[in-house]
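Residue numbering for the sequence shown follows our numbering, starting at 68 and increasing by one per position.
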Amino acid sequence: GDGINDAPALHAADVGVSVDSAVDVAKDAAEIVLLEKDLGVLAQGVRDGRATFANTLKYVFMATSANFGNMFSMAGASLFLSFLPLLPGQVLLTNLLTDFPEMTIASDRVDPELVDKPRRWDIRFILKFMCAFGPLSSVFDYLTFAVLIWALHASPELFRTGWFLESVVSASLIVLVIRTRKPFYRSRPGKWLTMATLLIALVTIAVPFTPLAKPLGFQRLPPAFYPALLGILLLYVISAEVTKRVFYAVVRD
């Protein structure tokens with residue numbers, strides 16, 4: 068409404084809409100004042116809000132499942148290892164590197180089906196997602212432990228380096244899987260997310276070869292580890308895709 072007589076209706080409405088050229092009483096009574104005479108502005112605002120909410124949920128899914136999985140992995144490793152699985156500085160570096168791809172989620176593309184209807188915050192759905200994907204990451208952490216201990220007979224330094232590489236690279240790649248309900252290859256991620264994922268993977272692999280390796284407690288890994296790492300990462304991505312398909316088929320939000 069734009070006139071004095073519209074003020075009571077604007078007050079009573081769930082959302083009162085007025086225009087910039089309306090009388091002051093109508094504008095004061097409205098929740099939204101359009102600067103242009105175009106209701107398409109409202110529709111675009113709704114779409115942008117839903118896209119922001121969808122990207123917020125992506126971040127929550129990734130952060131909760133990753134932290135839950137890391138807790139399982141660290142606790143399990145501590146039961147059978149005679150040394151710390153990761154040093155405190157290595158844990159901080161792991162968290163720092165894995166945060167970079169997640170921070171770019173704010174600018175990520177959103178699939179059309181995620182903005183076609185209103186969605187609500189559902190903590191139970193988030194907990195179910197966390198319980199499905201958190202332990203899955205731990206399975207492949209334990210597989211990495213087995214390769215390092217039984218196949219490579221790794222020293223504590225070598226073990227920490229191997230797990231650091233697997234943990235950071237897998238966490239970066241899995242962002243591309245979790246960000247969409249489709250198969251990851253059918254949903255193109257945003258430019259910044261793609262760049263951050265590739266950059267962090269390259270930086271992580273390069274760390275043991277840099278002067279920072281010794282102060283951080285890392286050492287160069289034997290060449291035999293890298294084919295095993297590639298196989299573990301491929302299995303993890305495939306397993307995450309299967310888990311995602313089953314999860315969204317069984318659990319409804």
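Glycine included, C-beta positions come from ideal geometry on N, C-alpha and C.
Best match in the options for proximity to residue i [C-alpha to C-alpha]
i: Ala121; options: Arg176, Arg253 and Lys249; result: Arg176
i: Cys198; options: Lys311, Tyr252 and Leu160; result: Lys311
i: Ala221; options: Asp81, Gly136, Val127 and Phe292; result: Phe292
i: Gly257; options: Ala268, Phe285, Val270 and Val242; result: Val242
i: Leu288; options: Leu154, Asn162, Asp91 and Val214; result: Val214
i: Phe196; options: Gln286, Gln157 and Leu124; result: Leu124
i: Asp178; options: Val82, Ser254 and Gln286; result: Ser254
i: Thr131; options: Ala118, Asn162 and Gln157; result: Asn162
i: Leu154; options: Ala89, Ala316, Leu300 and Gly284; result: Gly284
i: Gly143; options: Trp259, Leu210 and Glu308; result: Leu210
i: Val318; options: Met262, Asp91 and Arg248; result: Arg248
i: Leu260; options: Leu269, Pro278, Leu279 and Ser239; result: Ser239
i: Asp183; options: Leu279, Ala307, Leu160 and Ala118; result: Ala118
i: Gly136; options: Val244, Val82, Gln157 and Ser237; result: Ser237
i: Thr171; options: Met262, Val304, Ser140 and Ala79; result: Met262
i: Ile305; options: Val270, Leu279, Thr264 and Val244; result: Val244
i: Tyr315; options: Ala218, Ile216 and Phe200; result: Phe200
i: Val127; options: Val158, Arg186, Trp217 and Leu194; result: Leu194
i: Asp320; options: Val270, Leu300, Arg186 and Asp81; result: Arg186
i: Gln286; options: Gln157, Leu181 and Ala218; result: Gln157
Buried or exposed (CB count within 10 angstroms, at least 16 for buried), residue i
i: Ala133; result: buried
i: Asp73; result: buried
i: Gly145; result: Gly is not the amino acid found at residue 145; the sequence shown has Ser there. When all chains shown are included, Ser145 counts as exposed.
i: Arg246; result: buried
i: Met129; result: buried
i: Phe147; result: exposed
i: Lys281; result: exposed
i: Leu225; result: buried
i: Ser233; result: Checking the sequence, you will find Glu at residue 233 rather than Ser. Buried, since its Cβ has 16 or more Cβ neighbours within 10 Å.
i: Phe212; result: buried
i: Phe251; result: buried
i: Pro75; result: exposed
i: Pro152; result: buried
i: Gly107; result: exposed
i: Leu279; result: exposed
i: Ser174; result: exposed
i: Leu159; result: exposed
i: Ala218; result: exposed
Anticipated Cβ contact below 8 Å, residue i with residue j, distance rounded
i: Ile71; j: Ala97; result: Between Ala97 and Ile71 the Cβ distance is about 13 Å, and since that is not below 8 Å, they are no contact.
i: Ser85; j: Asp69; result: 6 Å
i: Phe207; j: Leu266; result: Going by Cβ atoms, the distance from Phe207 to Leu266 rounds to 22 Å, so no, they are not a contact pair.
i: Ala307; j: Leu203; result: 6 Å
i: Ser205; j: Phe139; result: 4 Å
Min CB distance residue i to chain D below 7 Å
i: Glu233; result: Protein chain content of the structure displayed is limited to a single chain, and chain D is not contained in it.
Practice problem: Report yes or no: do the segment 91–111 and the segment 152–171 share at least 3 C-beta pairs separated by less than 8 Å? | Solution: no
Quiz item: Touch check for the segment 218–233 and the segment 293–300: three-plus C-beta pairs under 8 Å?
Solution: yes
Quiz item: Does the segment 264–274 touch the segment 188–204, meaning 3 or more C-beta pairs lie closer than 8 Å?
Solution: Look at the beta carbons and you see the segment 188–204 not touching the segment 264–274: under three pairs across the two are nearer than 8 Å.
Practice problem: May I have a chain-ordered list of the alpha helix (DSSP H) segments no shorter than 4 residues that lie completely inside the segment 99–174? | Solution: 107–147 and 155–170
Quiz item: Where are the alpha helix (DSSP H) runs, 4 residues long or more, that stay fully inside the segment 179–261, in chain order?
Solution: Within the segment 179–261, the complete alpha helix (DSSP H) segments at least 4 residues long are 190–213 and 223–245, listed from N- to C-terminus.
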